[in-house]
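Peer 1: Here it is, the structure, as structure tokens.
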Amino acid sequence: EDQGQFDGHAHTGLGAHEHGEHTHQHFHQHDTGWQSFVLRSHDLQDAEKLKTAVREVTLQQPILRAKGFASIKGKNHRLVVQAVRNRVQTYYEQTQSDDSHSSLVVIGYHARRDQITKLMNELTDTEWR
2 EDQGQFDGHA HTGLGAHEHG EHTHQHFHQH DTGWQSFVLR SHDLQDAEKL KTAVREVTLQ
62 QPILRAKGFA SIKGKNHRLV VQAVRNRVQT YYEQTQSDDS HSSLVVIGYH ARRDQITKLM
122 NELTDTEWR
């Protein structure tokens, strides 16, 4: 599946690119409203609850992108989670993992970490920090 479709920075669908003499500035590099943080959980996750929770968070908070990995109950492969705004995609890694924690990088504009953490805790029935 084409993972490039989830590159929130891509111009014309090309993914990574150079700007030569850099004739334009990206507003998110200079605006202090843009924030990123990592949420972590040591609890095994339910794949459907997690996907639903991430989608709900993107609907309630100004999230541009979220990406991470989750350890899922009953699975030996980690679940990859990617969200661009309210589009959430999940799939399992091909290699097995003994990693038992989950992490989610969240990028948003004036996103409220406390509210996002609370929603993740409530909607997944697990503890996120």
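Here the numbering used here is used: the first residue of the sequence shown is 2, the next is one more, and so on. Just so you know, even glycine gets a beta-carbon here, dropped at the ideal spot from N, CA and C.
1. Compute the Euclidean distance between the alpha carbons of Thr-125 and Asp-32, then round it to the nearest angstrom.
2. With three or more beta-carbon pairs closer than 8 Å as the criterion, would you say the segment 112-122 touches the segment 73-84?
3. Count the other C-beta atoms from every protein chain shown that fall within 10 angstroms of the C-beta of Val-82, then say buried if there are 16 or more, exposed otherwise.
4. Since Arg-66 is in the beta strand (DSSP E), which residue starts that stretch and which ends it?
5. Arg-88: which of Ala-67, Trp-35, Lys-50 sits nearest, CA to CA?
6. Straight-line CA distance for Ile-117 to Val-58?
7. Can you tell me whether Lys-52 is buried or exposed, with buried defined as 16 or more other CB within 10 angstroms of its CB?
8. Within 10 angstroms of the Cβ of Thr-96, are there 16 or more other Cβ atoms? Answer buried if so, exposed if not.
9. Check Leu-60 in the structure and name its three-state DSSP category.
10. Figure out for me which residue from His-111, Arg-79, Tyr-110, Arg-86 has the closest Cα to the Cα of Thr-45.
11. Can you check the segment 97-128 for any alpha helix (DSSP H) of at least 4 residues that lies completely inside it and give the ranges in chain order?
12. Relative to the C-alpha of Gln-90, which residue among Phe-70, Trp-129, Val-39 is closest?
13. Hey, Ser-103 and Arg-56 are a contact pair by Cβ (cut 8 Å); roughly how many whole angstroms apart?
Peer 2: So, to answer that:
1. Start at 1 with the first residue of the sequence shown, and residue 125 comes out as number 124. Start at 1 with the first residue of the sequence shown, and residue 32 comes out as number 31. If I take the Cα positions, the gap works out to 32 Å.
2. The segment 112-122 is not in contact with the segment 73-84.
3. Taking the sequence shown and counting its residues from 1, one reaches residue 82 at position 81. Buried: at least 16 other Cβ atoms inside 10 Å.
4. Sequence index remark: in the sequence shown, residue 66 carries index 65 (1-based). That run of the beta strand (DSSP E) goes 64-71.
5. Residue numbering aside, residue 88 sits at position 87 when the sequence shown is read from its first letter. For Arg-88, the nearest C-alpha among the options comes from Ala-67.
6. As a working mapping, residue 117 is identified with position 116 in the sequence shown. As a working mapping, residue 58 is identified with position 57 in the sequence shown. Taking the straight line joining both Cα atoms gives about 6 Å.
7. For the purposes of this step, residue 52 is taken as the residue at position 51 of the sequence shown. The residue is buried, with at least 16 neighbouring Cβ atoms inside 10 Å.
8. For the purposes of this step, residue 96 is taken as the residue at position 95 of the sequence shown. Exposed.
9. The residue labelled residue 60 in the question sits at position 59 within the sequence shown. In this structure, Leu-60 counts as helix in the three-state DSSP scheme.
10. For the purposes of this step, residue 45 is taken as residue 44 along the sequence shown, with counting starting at 1. It should be pointed out that residue 45 corresponds to Leu in this sequence rather than to Thr. With distances taken between Cα atoms, Leu-45 lies closest to Arg-79.
11. 114-125
12. Counting from one through the sequence shown, the residue named residue 90 turns up at place 89. It is Phe-70 whose Cα lies nearest to the Cα of Gln-90.
13. Counted from its first residue, the sequence shown places residue 103 at position 102. Counted from its first residue, the sequence shown places residue 56 at position 55. About 16 Å; that fails the 8 Å criterion.
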